[in-house]
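To start, the structure under review is shown below, and the notes come after it.
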Amino acid sequence: MQCERKGWEVTIVKTAMIAVLLASTVGADITDADQVDTQSETSSTADMTTLKENTDPNLVNPLRGQGYGLMLDENNPWRKSTTAPPTQEIPVTPKPTFSQQSFRAVLELGIIIGVCFMVGGLFMAMVGMEILWEKVVDKYRELFKKPKQLPDVERLHPADLVGTFSRYK
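Note that the working numbering numbers the sequence shown so that position 14 is 28, with each residue one more than the last.
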């Protein structure tokens, strides 16, 4: 079986093969790897003289207050207060008496009971609107001679369902 390839497929395959061949010829040089210190097996200080840190002792142990390291307390902006000192003394509110606390507690209880009555009243209003809407729909059907809807099986009393097969639907 001989497969015919389109011109662009051949170009892609050739480019991929050239990239693989070029990548295989790249080799690593030993100078790129980390060099081993051959002077001592345990510890060595052979390169200490070549470090620039060894020439200036302030780089190893910086002095405070010289623009680096920890700031001095008087120059430290993080230790300064950001609030202005008070110009006048703030009056202290006296602790409310027992009768004042009781009065506030009764007011708070009244608010809670009022919210409960409001929720109950809104629920009753919603139920009343549903009953009123059913009466309006019944009057509409009566005036325009529309057929009455079949009663909902779920709303019927269980005794009304005795002897009928509609309870099994």
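Where a beta carbon is used, it is the ideal one built from N, C-alpha and C, also for glycine.
Local conformation of residue i per DSSP, three classes
| i | result |
| --- | --- |
| Phe117 | helix |
| Gly142 | helix |
| Leu164 | coil |
| Ile127 | helix |
| Ile26 | helix |
| Ile104 | coil |
| Ile32 | helix |
| Gly177 | coil |
| Lys149 | helix |
| Trp112 | It is Phe, not Trp, that sits at residue 112 in the sequence shown. If DSSP states are grouped into helix, strand and coil, Phe112 belongs with the helices. |
| Leu136 | helix |
| Leu9 | Because the chain is modelled from 15 through 183, residue 9 falls outside the range shown and cannot be assessed. |
| Pro172 | helix |
Among the options, nearest to residue i - alpha-carbon criterion
| i | options | result |
| --- | --- | --- |
| Glu148 | Gly135, Gln163, Val27, Trp22 | Gln163 |
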